[in-house]
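Asker: Take a look at the following structure, please.
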Amino acid sequence: MIAVFFVYDWMVERRNNKLIQTAAKSNTVVTNMFPGALRDKVIQQNIVAGSRPAVSEGDIKKLLSDGILPHADFCDTPALAELYMDATVFFADIAGFTAWSSVREPSKVFKLLESVFRAFDEIAWVRRVLK
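Residue 38 in the numbering used here sits at position 37 of the sequence shown; the count goes up by one each step and never skips.
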């Protein structure tokens, strides 16, 4: 009986350690992906969202068919957008990319995109641009 308890305790501890590692990885992604103020908003919004009831598929269907919100708190979360008086939006198209990528291995496509975005990141870093 004692052996069963120790095995169960070991399994629970192992599961909790995996959960902690996953949470740490998620936190690292969010920390590296967003600027500080936006990161804090995302984390806070997820904490608040966890306390609200989820919207069901039926609610979404009703929203789409009736054109009204099923619950008053459906859109009650604050916007994550920031107002920047001086901002530029950059759109880019790589000429011939669709044809080129359709005959290449996914790893080659990934390497090309990685090098393009790395170059954009380096330019943004040098010019102190928030992207």
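Glycine residues also receive a C-beta, built at the ideal position from the N, C-alpha and C atoms.
Return the CA-CA distance between ALA88 and ILE124, expressed in angstroms with no decimal places.
Answerer: Their Cα atoms are separated by approximately 16 Å.
Asker: Give me, in chain order, the residues of the same chain whose beta-carbon lies closer than 7 Å to that of PRO36; leave out the 5 immediate sequence neighbours on both sides.
Answerer: Only LEU131 meet the Cβ criterion.
Asker: How big is the Cα-Cα spacing for GLU115 and LYS19?
Answerer: Spanning the two alpha carbons is a distance of roughly 30 Å.
Asker: Do VAL110 and SER102 have their CB atoms nearer than 7 Å?
Answerer: Yes.
Asker: Starting from SER100, trace the alpha helix (DSSP H) both ways and give me its first and last residue.
Answerer: Sequence check: residue 100 is Ala here, not Ser. That run of the alpha helix (DSSP H) goes 98-103.
Asker: Start and end of the alpha helix (DSSP H) containing ILE124?
Answerer: 107-127 is the span of the alpha helix (DSSP H), which, as asked, contains ILE124.
Asker: Within a Cβ cutoff of 7 Å, which residues of the same chain sit near SER108, ignoring the five residues on either side of it in sequence?
Answerer: Nothing listed; no residue qualifies.
Asker: Looking at the structure shown, is LEU20 part of a helix, part of a strand, or coil, going by DSSP?
Answerer: Helix at LEU20.
Asker: Rounded to the nearest angstrom, how far is the Cβ of THR32 from that of ARG40, given a contact under 8 Å?
Answerer: About 6 Å separates the two Cβ atoms, so the contact holds.
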